[in-house]
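J.:
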Amino acid sequence: MKNRAPLSLHIPEPRLRPGDQPDFSHIKVLKAGEVRRPDINVTAKNTTDIAYSLVRVLGEDDKVHGPWDPHVDVETLKRGLRNMVVTRTFDDRMYRAQRQGKTSFYMKCTGEEAIAVSQAAALDPEDMCFPTYRQQGLLISRGYPIVDMMNQIYSNERDPLKGRQLPIMYSSKKHGFFSIAGNLAMHYSQAVGWAMASAYKGDDRICAAWIGDGSTAEGDFHTALTFAAVYRAPVILNVVNNQWAISSYQGIAGGDESTFAARGIGYGIPALRVDGNDFLAIYAVTKWAADRAHANLGPTLIEHFTYRVEGHSTSDDPNRYRPAEEAKAWPFGDPINRLKKHLIALGKWSEAEQAALEKAVDEEVRAAQKEAESHGTLGSGKLPSVRTMFEDVYKEMPWHIRRQRQEMGV
Amino acid sequence: MKNRAPLSLHIPEPRLRPGDQPDFSHIKVLKAGEVRRPDINVTAKNTTDIAYSLVRVLGEDDKVHGPWDPHVDVETLKRGLRNMVVTRTFDDRMYRAQRQGKTSFYMKCTGEEAIAVSQAAALDPEDMCFPTYRQQGLLISRGYPIVDMMNQIYSNERDPLKGRQLPIMYSSKKHGFFSIAGNLAMHYSQAVGWAMASAYKGDDRICAAWIGDGSTAEGDFHTALTFAAVYRAPVILNVVNNQWAISSYQGIAGGDESTFAARGIGYGIPALRVDGNDFLAIYAVTKWAADRAHANLGPTLIEHFTYRVEGHSTSDDPNRYRPAEEAKAWPFGDPINRLKKHLIALGKWSEAEQAALEKAVDEEVRAAQKEAESHGTLGSGKLPSVRTMFEDVYKEMPWHIRRQRQEMGV
Amino acid sequence: MATMNMIQALNSAMDVMLTKNPDVLIFGEDVGFFGGVFRATDGLQKKHGVQRCFDSPIGEAGIVATAIGMGAYGLRPVIEIQFADYIYPAYDQLVSAAARLRYRSAGDFSAPITLRSPYGGGIFGGQTHSQSPEALFTHVCGLKTVIPSNPYDAKGLLISAIEDDDPVMFFEPKRIYNGPFDGHHDRAVTPWSKHPASDVPDTYYTVPLGKAAIVREGSDLTVLSYGTMVHVSLAAALEAGIDAEIVDLRTLMPVDIETITQSIEKTGRCVIVHEATRTSGYGAELSALVQENCFYHLEAPIERVAGWDTPYPHAFEWQYFPGPGRVADAMRRVMEA
Amino acid sequence: MATMNMIQALNSAMDVMLTKNPDVLIFGEDVGFFGGVFRATDGLQKKHGVQRCFDSPIGEAGIVATAIGMGAYGLRPVIEIQFADYIYPAYDQLVSAAARLRYRSAGDFSAPITLRSPYGGGIFGGQTHSQSPEALFTHVCGLKTVIPSNPYDAKGLLISAIEDDDPVMFFEPKRIYNGPFDGHHDRAVTPWSKHPASDVPDTYYTVPLGKAAIVREGSDLTVLSYGTMVHVSLAAALEAGIDAEIVDLRTLMPVDIETITQSIEKTGRCVIVHEATRTSGYGAELSALVQENCFYHLEAPIERVAGWDTPYPHAFEWQYFPGPGRVADAMRRVMEA
Ligand SMILES: Cc1ncc(C[n+]2csc(CCOP(=O)(O)OP(=O)(O)O)c2C)c(N)n1
Ligand SMILES: Cc1ncc(C[n+]2csc(CCOP(=O)(O)OP(=O)(O)O)c2C)c(N)n1
Ligand SMILES: [Mg+2]
Ligand SMILES: [Mg+2]
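Chains as they are written, first to last, in the numbering used here: chain L, 771 to 1180; chain R, 771 to 1180; chain B, 13 to 349; chain V, 13 to 349.
1) In angstroms with no decimal places, state the Cα-to-Cα distance between V/R88 and R/A965.
2) Sorted by chain position, which residues of the same chain lie with C-beta nearer than 7 angstroms to R/T1147's C-beta, five sequence neighbours on each side aside?
3) Please name the residue, chosen from V/A173, V/D165, V/A288 and V/R116, that lies closest to V/F333 on a Cα-to-Cα basis.
4) Report yes or no: is there a C-beta of chain V within less than 8 angstroms of the C-beta of L/I938?
5) Have a look at R/A987, R/N853, R/K798 and R/H945 and flag the residue whose alpha-carbon is nearest the alpha-carbon of L/L995.
6) Answer yes or no: does any C-beta atom of chain V fall closer than 8 angstroms to that of B/D104?
7) Tell me which residues of the segment 837 to 866 of chain R have at least one Cβ-Cβ distance to chain B shorter than 9 angstroms, keeping chain order.
8) Within the 8 angstroms Cβ cut-off, does R/T993 reach chain V?
9) In the segment 843 to 922 of chain R, which residue ranges form an unbroken alpha helix (DSSP H) of at least 4 residues, counting only runs that do not cross its ends?
10) I'd like the list of long-range same chain contacts for R/S823, defined as Cβ closer than 7 angstroms, with 5 residues on each side in sequence excluded.
11) What in chain R is Cβ-close to V/F121, meaning under 9 angstroms?
12) Distance, Cα to Cα, L/S1028 vs R/P937?
13) Check each candidate in B/D178, B/D260 and B/Y115 and name the one with the smallest Cα separation from B/I284.
14) Any beta carbon of chain B sitting closer than 8 angstroms to that of R/F1075?
15) Among R/V887, R/L954 and R/E882, which has the Cα closest to the Cα of R/R849?
16) According to DSSP, simplified to helix, strand and coil, what is L/I1035?
17) Is the beta carbon of R/S1150 sitting closer than 8 angstroms to the one on R/Y876?
18) Whose Cβ in chain V lies nearer than 9 angstroms to the Cβ of B/D177?
19) Please determine, among V/H60, V/R316, V/G195 and V/A102, the residue with the shortest C-alpha to C-alpha distance to V/R128.
20) Can you pull out the residues from the segment 955 to 967 of chain L whose beta carbon lies closer than 7 angstroms to at least one beta carbon of chain B?
21) Use the C-beta contact count for L/R1177: other C-beta atoms within 10 angstroms, 16 or more gives buried, fewer gives exposed.
22) Just to confirm, does B/Y103 get its C-beta within under 7 angstroms of one of the non-hydrogen atoms of ligand 1?
23) What does L/R1033 reach in chain R if we use C-beta pairs closer than 8 angstroms?
24) Answer yes or no: the CB of B/A225 versus the heavy atoms of ligand 3, is any distance below 7 angstroms?
25) Could you check if R/G984 belongs to the surroundings of ligand 2, using beta carbon to heavy atom distance under 7 angstroms?
26) Tell me the start and end of each unbroken beta strand (DSSP E) in the segment 48 to 117 of chain B that is at least 3 residues and wholly inside, in chain order.
27) Quick check: the Cα distance between R/I810 and R/D1061, rounded to an integer number of angstroms?
28) If the criterion is Cβ atoms closer than 8 angstroms, does the pair B/H197 and B/N162 meet it?
29) Kindly list the residues whose CB is nearer than 8 angstroms to the CB of L/K1118, restricted to its own chain and excluding five residues on each side of it in sequence; keep chain order.
30) Cβ of L/A1031 versus every heavy atom of ligand 3: is any distance shorter than 7 angstroms?
31) So, is the C-beta of R/T818 closer than 8 angstroms to a C-beta in chain V?
32) By a C-beta neighbour count over all protein chains shown, 10 Å radius and 16 as the cutoff for buried, is R/N1008 buried or exposed?
33) Write down the C-beta distance between V/P174 and V/V36 rounded to the nearest angstrom, noting that I regard them as a contact closer than 8 angstroms.
34) Between the segment 105 to 114 of chain B and the segment 24 to 34 of chain B, do at least 3 Cβ pairs fall closer than 8 angstroms?
35) Starting from R/T972, find everything on chain L with Cβ-Cβ shorter than 7 angstroms and list it in chain order.
See below:
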């Protein structure tokens, strides 16, 4: 008989738990500009080094560095800064509204604003987005009225989704923003289908999709990568690695064993890993991926390395599972602050202008909130007609649903 | 407005279709012994080169070459040769039996015999296997009575599975052979659970699972890799890339974009790509992977590069979708022939002994067939009791199934 | 007009729609060059091009997911799931996405996809090539479910399904692809060419969703059925000498409640026949509906004849299959009650 | 004996079983250090160690698949699916593997797993945190389905489920985790401590699977229900002044047909109440069973009160929820019929 040592089961554990001192010293902070920029027709295999590295453009000195400098004009940067500020302000107001009992639920994207906002800037406005619940910055950047976002959150009489969806599950075809599902990951492979359809029609619109680190464990992630690789779909597959999935750290999704970007390589999909708090780096990698898609070179996988600054949603308290103040220790800073400092370093912006911007945005968001609340908040009774509850299950209402509506007397 | 070129949809196509001349010149045939053999505690990333290469041991000269020489004793080789011959002979007889109307369905593994048979030799007999329908060589190698395999295929009165399963969907816990499901890929992630259980219990048995190239597109493949990586499960994850999935060539599963072995790397799973027609190379990589598992180093992904010589099953005619005679052009030869020639080159075997072996095996298989047929073939009426049809849905038969059995009057 | 079996009729429906509408495309496992394991898409790739009819990876979730994405774009994909038994990996995409998209987006997006899949037993396919999962879809609001029983309906219903703006589950009783099987497995198979419903126009036509067909008028009792079981029920009625009114539901969701109630009000007796396992099968819903809508007309308990509550066992195919004997027995019991 | 709410009772069941049987282990999304989003596994990791109760990747298919593999090895995994609405990615593993393993291997392998999942609405969770998918499992032979309505039963049934040798779907009505909600959302919540079923032994005990409980005896009509709806039905009977016999099924599969028939034979009238959408819901099976087993005792049509056939709409929670008003109306109709 063989004399085998007993096996043992490995359960991944995060380095730190509540009570521990925040510490990110295990993360190697690469200097901005260090990572090479390959040609867009690179093979997947030849992006391997980048998939294990980190594309960074904005340096400690607030200046741009290296081959990934996207050469963005100042107007675009200022618009980006504004959209990030709107996003953060909006989040704060709506979080508070939930705490005040005006709605049931809210989710912030604090610390991750650069991802959606910068990518919205890098994509064409007609390009299609399949987001998760943390890309509200896309809608804001594309000019969707924030008052309508609030109407949705309040499920009020002006709610574009007629009170049907949980707060923040927006949908706007007009803004190229696919209806958000509560079910994680499903949309990721749907996005590939949209991209295939666009290619099938000889259209020139490409598609982008987002998924969280935790959600990459769903089969849909694999499905998306497989179908995208096989049909060379013009799609940008983003993984937002914000280190957490509710209370589970990214090691529970396999992040201790590899990077999420590296997943792409094995499927034959070129993959980039980017500092998710660096507006310019995100812009650059997104443009690169979009160029690939437009040139019929197929999909790109982008891992955005960032940190979820707040709790998962209004339903949890992050201090129960991770050290308090950990967010402040994140070695890649805050995306708004970094872009602001870059603009100041360029001589195109000032702290005073920033203060004015924040004030203006605050007023704008408050005004929108006032308007939205005039149309009702959850439980206020100001609702779409109850009849609408029975509509849109099918295009035409079948007899049994009609009977149920009648039974309800509406 | 941007002036974008129109997109177009890429549909992968095999190089050749019926009527074309077989041609594998696009496949680079590496010399035996060329690929390095890393230490078992290698990182996944550091197996990248092997995942895109091909481990080969048996050379054109029928001798062993290079660092992957597993130093297998002659008895093991002879046993392997015999088990492969039994497998092939068994396949031929059963295929014919189906054609004679003695059962509904059959599937051969012709050309792929080395995989199951060599891996059975490399694993401990107690190790658990989660096979697909093309690893009949495992059962044969582990001494499961071939007459019982036939009883299963005939769904006769001695069928160990009581006539419930499609032919070849064997199950034998005693032989560490998990019940084969008709549903592809499902078992792959179950195998990871079995391996986790073994580790949880401090057992020393490891687990191995097999999946086809086509089936890797299922979500379960991703699930298996993710869970195996996260919990460092002691499991060997095999992909049998036989180039075809019914009528779809491996490009439809993404094989044109990458290797299947490469998938593992992205998850943080060391991956090897091996000549699936080389008994010794398969043995060597399997031992390496088993050693990793036993040392609590976790999973290994092995891609077996081979060719499905026959049709998918008795239900299809491969000449409808690929060039006839393509199998003969496969540049990696036939696994039985190669091992035979190696033994002869070693001076331990002869053509005469081979002929005698084949004759003995043929008689053995015919005798088993005769015995099995004495217990009935499908439709002969020699069946397990009809009562058994209602058993084992649950451990205890609930009232409604009992009533149904009574309604049937059995 | 041509004589077609089910496969030819289905093939013709897809051919017509590929020709008529450039937004229609077809994909699934082995459906392209090979033409599908049951040959339903035979020749379509050759005629319409590789982009209109192509192979997919073996990933049912991906087939449905990408179809949903295409639907959201504006296409009308027709997808094949090789066997209904392999639909479960796609269940989440069907239930949580396809069925919900229109509602959750308040009409902003929809998924006008048609999912074709061979279902049912009788071909010695064992437990994973014989299942009848329709009830797992009729419970899911937002999905339509259609099951044809003959070539004429198959083509007309499939065209309606493709043109329908909602996701349609289109289950094809594989046992009757080649002929109207009545459950007498020991008798010679009748080909479709002997059946009037094999007269199928080559061109475009529709059979509306949501409308049942009375395939036999009768006054003794009403049989509610669909797919293969329509033919089994016909045989059973004949053999039992019972003047049954046989309703072929054709669409299960939304079901044609008017035809059902009118028939039961006339006959006062009801037998429900399906091949799927009995408990929580679609027969349960039919039984509940009949009871609710026709309580005062019922003269006997409603009987359900269905597959046993076990997996479909390979060797016991005909002990499992609810054949004409079992259906006739139920009819007699209902008549004698 | 202690006073426990549902969550505490479930937690206690798992604690007892972790202590009793080293082959029991628990995993699922956020169940480890955090103790689950509803806190059902709170403290178990700390007490029993990280290998006995741990977090899983967000992959419901993987949670079930690995549990099946563990079951095949010989363990008794207890897994949590965070919301029943997220069970569909695991549907294939449940239907095609867990439910079929014993049968297809002729008893060689089995999957003695317990799948816990919060289900049902009433917490403003919108369409993806409110679903009641039980009927999608009762149709699947090989699976058992259990739904408790109070802390005492919850603990006893969960222990039975864990000890059961077949796969058990254990759905927990999340609206009553903290108190016996009767559907009057506008009134103050009663905590469990005021309810006798919150007296729960700290130690091991079982409530058998397959046995219903009569929570109120009565002679006017029979209510068949389970989970939250038991409490709603009680309130409705009281408010309608109807002497209803209220049957809490507790186990849906296999269902306790004896208790059901005895009650209907006594009352002659039946109302079925569940929160799941109506069409093809479990109520359809109950209706069919009652009709088949008690036809000659029925004095009025059986009524089903259920969720509308739409997704669960966030803002219309209380218009959607089948509250005591709708249940009472149905009771009155059945009495007047
Ligand atoms: C299919 C499915 N499973 C589980 C959930 C519950 N859930 C909601 S969000 C979440 C965590 C997601 O984490 P991640 O993907 O990292 O995204 P993040 O919240 O960090 O942006 C979970 C488990 C769900 N919504 N859908
Ligand atoms: C879930 C599922 N989908 C589809 C099928 C039908 N099917 C059976 S075998 C097969 C091809 C599998 O090809 P591959 O994985 O390459 O294995 P091989 O047959 O080559 O050994 C298909 C599509 C199935 N059995 N299960
Ligand atoms: Mg995250
Ligand atoms: Mg293959």
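In this text, a Cβ means the ideal position worked out from N, Cα and C, and glycines have one as well.
Bear in mind the structure is a predicted one, so any value in this text is a computation, not a measurement.
T.: In this structure, then:
1) 15 angstroms
2) K872, T873, Y924 and N926
3) V/A288
4) no
5) R/A987
6) yes
7) none
8) yes
9) 844 to 869, 883 to 892 and 906 to 911
10) L800, V805 and R1043
11) S941, K943, F948 and S949
12) 41 angstroms
13) B/D260
14) no
15) R/V887
16) helix
17) no
18) None at all; the shortest Cβ gap to chain V is about 17 angstroms.
19) V/A102
20) M956, S959, Q960, A961, V962, G963, W964, M966 and A967
21) Sequence inspection shows Glu at residue 1177 of chain L; the Arg mentioned does not correspond to that position. Looking at its Cβ environment, which holds fewer than 16 other Cβ atoms inside 10 Å, L/E1177 is exposed.
22) no
23) G1036 and Y1037
24) no
25) yes
26) 65 to 67 and 88 to 92
27) 7 angstroms
28) no
29) V844, L847 and K848
30) no
31) no
32) buried
33) In the sequence as presented, Pro is not what sits at residue 174 of chain V; that position holds Ile. Yes, they are in contact, since the Cβ atoms of V/I174 and V/V36 sit about 6 angstroms apart, within 8 angstroms.
34) no
35) Checking the sequence shown, residue 972 of chain R turns out to be Gly, not Thr. Going along chain L in sequence order, the residues near R/G972 (Cβ under 7 angstroms) are P776, L777 and S778.
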